[in-house]
Structure formats: structure tokens, C-alpha cells
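Undergrad:
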Amino acid sequence: MRAAKPAKASKNAGVLVVGLGRFGSALASTLEALGQDVLAVEKSPQLIAQWAGRLPLVEADATNPEALEQLGARDFAVAVVGVGSYLEASVLITANLVDLGAPQIWAKAISAEHARILQRIGAHHVVLPESDAGTRVAHLVSGKMLDYIEVEDGFTIVKMRPPREMQGFTIGQTKVTERYGVTIIGVKSPGLDFVYAAPDTRISANDLIIVSGHAELLERFAARP
């Protein structure tokens, strides 16, 4: 095990990111930019060389439980398994973190079957980046939505342009919740700050609106001219 850059991650509060592929490196660099304490673990010398000096990282094979033990993996608040393409490695690393008692384990999966395995062995959160991105983009290209986030159990938040029938009216006048079963939670007008929606908030054609509700209801609402 070799440190490529002195780790500045403060354990008990930091994030351990295992794997510096596209997912892991994007995650680690974003957390670093946000001021989070991060320590990345990667076994590929090529990736270590690519990221040395840019991230706090250690060259180690996380499929070896002793390597994770030496890193103090259990002391990090969150551990993320960014290895997805190699199923065996993904499962071994996740199992090692479970055995070490890591308090919060996030793991990347590349299929529904992979996700089920990770959940069964003890990962607390499993993400399928490609599947999630595909679902999100499908909603965006099929209508007027500009952004789409499914929270849980069908509850969704979208950013969109207001339907023509709402333009020039206040939210109270449109009765949008009564008529369509969705809720406008915020409005962003050009050149102005975002505001939380109120019954007297007036909607214009150039506004962006943030709307929440069940995915099916939002699809119908966004399909209005």
C-alpha cells in the first residue's frame, strides 16, 4: 500500500472513495471541490499517476481486507465503492467494508442483479448511474422538462417552463394543485433570485418553475401546451 499524496482526510468525518474510474473520480473530485475530506483508494498505477497531486489518494487493493483495515476504513463516515465493471471486485470490496463495520456504505452497480447482490451483502445505498441517467434523459427528451429528479416511490421534482395557460396568472389563480395534482414549489424569473412559490406569485412566459408531485401527474402537466 502506497500513499500517492499525503492524505488530509479527517477520519470520523471524511469520505473514503474506492476506485477512480469515471464514477469514482467524478465523485471524489466533486467532494474535494465542495470542501469535503476525501481519501481515494485505487490499485491501478496508471490511475494513481493520473490523479496524483489532484486528490488525496492511496495505492492499494481494496479487495484485500487487510488493506482497508490499515486505511482505517471503518473510521470514515461514508465509504463509496466506485468499482462497478468488475463484479467480483465490487462484491469483495463491499463485503470487506461490511465486515469492518463501515457506518455508511454506498456502492455503484451496473445492473439490477448486481444491485440486489450488493444490497444483500449489506450495502446501505446502491446506485445505478447509467440506468438512472437513462431514465432521467428519457423524461427530459420526451417533453418540456429541463431537469428531472425522482426522489422515491414515484415522487418527483422537475424544472420546466410554465404551460401557456398559467402565463400571466398567479399560482392561486391557476389552481394547479386542484386541477393537476402537482405543486409548484418555486419560481425563477430571468435576472431575479429564486423565490419559493406563494398563492400570489405571478408566472410569466420566461420563468422557470420547480414542480413536485407523482411522476405520472408531472408528465401529464408537462405535456400541456
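Numbering of the sequence shown is given in full-length UniProt numbering, commencing with residue 1 and proceeding in unit increments. Each residue gets a CB set at the ideal place from its N, CA and C atoms; glycine is no exception. Note that the coordinates shown come from a computational prediction; the quantities given were computed from them, not determined experimentally.
Could you tell me which of E69, Q173, K108 sits nearest to A26, measuring between CA atoms?
TA: On the sequence shown, residue 26 is found 26 positions in, with the first residue counted as 1. Cα-wise, what sits closest to A26 is K108.
Undergrad: Do A60 and L71 have their C-beta atoms within less than 8 Å of each other?
TA: Residue mapping note: residue 60 aligns to position 60 of the sequence shown, counting from 1. Residue mapping note: residue 71 aligns to position 71 of the sequence shown, counting from 1. Their beta carbons are under 8 Å apart, which means A60 touches L71 by this criterion.
Undergrad: My output table needs one value for residue 242: the three-state DSSP class, helix, strand or coil.
TA: Residue 242 falls outside the range modelled here, since the chain spans only 1 to 225, and no answer is possible.
Undergrad: Is there contact between the stretch 117–125 and the stretch 191–208, where contact requires at least three CB pairs shorter than 8 Å?
TA: Contact fails: fewer than three Cβ-Cβ distances are below 8 Å.
Undergrad: With a threshold of 16 other CB atoms inside 10 Å of the CB of Y196, please say whether the residue is buried or exposed.
TA: Locating residue 196 in the sequence shown gives position 196, counting from the first residue. When all chains shown are included, Y196 counts as exposed.
Undergrad: Beta-carbon within less than 8 Å of V127's beta-carbon, same chain only, minus the 5 sequence neighbours each way: which residues are those?
TA: As a working note, residue 127 is residue 127 in the sequence shown. Closer than 8 Å at Cβ, skipping near neighbours: W106, A107, K108, A109.
Undergrad: Just reading off the beta strand (DSSP E) that I117 is part of, what are its end residues?
TA: Working through the sequence shown from its first residue, we reach residue 117 at position 117. Counting along the chain, I117 falls outside any beta strand (DSSP E), though it belongs to the alpha helix (DSSP H) covering 112–121.
Undergrad: Would you tell me roughly how many angstroms separate the C-alpha atoms of D200 and F169, rounded to the nearest one?
TA: Your numbering for residue 200 matches position 200 in the sequence shown. Your numbering for residue 169 matches position 169 in the sequence shown. Their backbone Cα atoms lie some 9 Å apart in a straight line.
Undergrad: Could you compute how far the alpha carbon of G172 sits from the alpha carbon of E152?
TA: Here residue 172 refers to the residue found at position 172 when the sequence shown is read from its first residue. Here residue 152 refers to the residue found at position 152 when the sequence shown is read from its first residue. Computed Cα separation, rounded: 27 Å.
Undergrad: I'd like to check one pair, I210 with I149: are the Cβ atoms closer than 8 Å?
TA: Reading the sequence shown from its first residue, position 149 is the one you call residue 149. Reading the sequence shown from its first residue, position 210 is the one you call residue 210. Going by C-beta atoms, I149 is not nearer than 8 Å to I210.
Undergrad: Tell me which residue opens and which closes the alpha helix (DSSP H) that V176 is part of.
TA: Start at 1 with the first residue of the sequence shown, and residue 176 comes out as number 176. Its alpha helix (DSSP H) spans residues 176–180.
Undergrad: Starting from the C-beta of G19, find all residues in its chain whose C-beta is less than 6 Å away, skip the five residues before and the five after it, and write them out in chain order.
TA: As a first step, residue 19 must be located in the sequence shown, where it is residue number 19. Once the five neighbours on either side are set aside, the close Cβ partners of G19 are G82, V83.
Undergrad: Have a look at D132 and A215 and give me their C-alpha separation to the nearest angstrom.
TA: Residue mapping note: residue 132 aligns to position 132 of the sequence shown, counting from 1. Residue mapping note: residue 215 aligns to position 215 of the sequence shown, counting from 1. The alpha-carbon atoms of D132 and A215 are separated by roughly 14 Å.
Undergrad: If we require 4 or more residues per run, which alpha helix (DSSP H) segments fall completely within the UniProt domain "RCK N-terminal" (15–129)?
TA: Within the UniProt domain "RCK N-terminal" (15–129), the complete alpha helix (DSSP H) runs of at least 4 residues are 22–33, 45–51, 65–71, 87–100, 112–121.
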